[in-house]
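Quick note on the numbering used here: the sequence shown kicks off at 72 and runs consecutively.
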Amino acid sequence: QVQLVESGGGLVQPGGSLKLSCAASGIIFSSYTGGWYRQGPGKQRELVAHITSTGSTKYADSVKGRFTISRDNAKNTLYLQMNSLQPEETAVYYCNARGRIITYWGQGTQVTVSS
């Protein structure tokens, strides 16, 4: 049984930082493209960043220079370091593992940016 479990969300003030984690079980996460997505209130889910099995990364333009995606293969875990967070980035953040045939999703973690 495959599980992706996100953690690290919470309430942060504008300009603050959070680090999200996504721990995988049932798959070798490094064999998949690991991605972070977010869905704000009334918005569609959007890609935040992804990292391929070879380590190539891609970021949404809105987060470039502020967010960093990484993975620890020994821990089978994906991370998202988020700096300089803004209120409009309040959303549920989801991680996924995308393979050639199947994509797995986590349940999401809430990030609220508010003073």
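All C-beta atoms in this analysis are idealised placements derived from N, C-alpha and C, irrespective of residue type, glycine included.
Can you find at least 3 beta carbon pairs, one from the segment 160–171 and one from the segment 100–109, that sit closer than 8 Å?
-> In short, these stretches touch, since the Cβ pair count reaches three.
In angstroms with no decimal places, state the Cα-to-Cα distance between residue 148 and residue 103.
-> Position 77 of the sequence shown, counting from 1, holds the residue named residue 148. Position 32 of the sequence shown, counting from 1, holds the residue named residue 103. Those two C-alpha atoms are separated by around 12 Å.
Grab the span of the beta strand (DSSP E) containing residue 162 for me, first residue to last.
-> For this step, residue 162 is matched to residue 91 along the sequence shown. For residue 162, the uninterrupted beta strand (DSSP E) segment begins and ends at 162–169.
For residue 173, is the beta carbon positioned less than 7 Å from some heavy atom of the ligand ATP?
-> Absence of the ligand ATP from the depicted structure is noted, as is the absence of any ligand whatsoever, leaving it without description.
Separation of residue 126 from residue 115, as counted between CA atoms = Here residue 115 is taken as the residue at index 44 of the sequence shown, counted from 1. Here residue 126 is taken as the residue at index 55 of the sequence shown, counted from 1. Just so you know, the alpha carbons of residue 115 and residue 126 end up roughly 27 Å apart.
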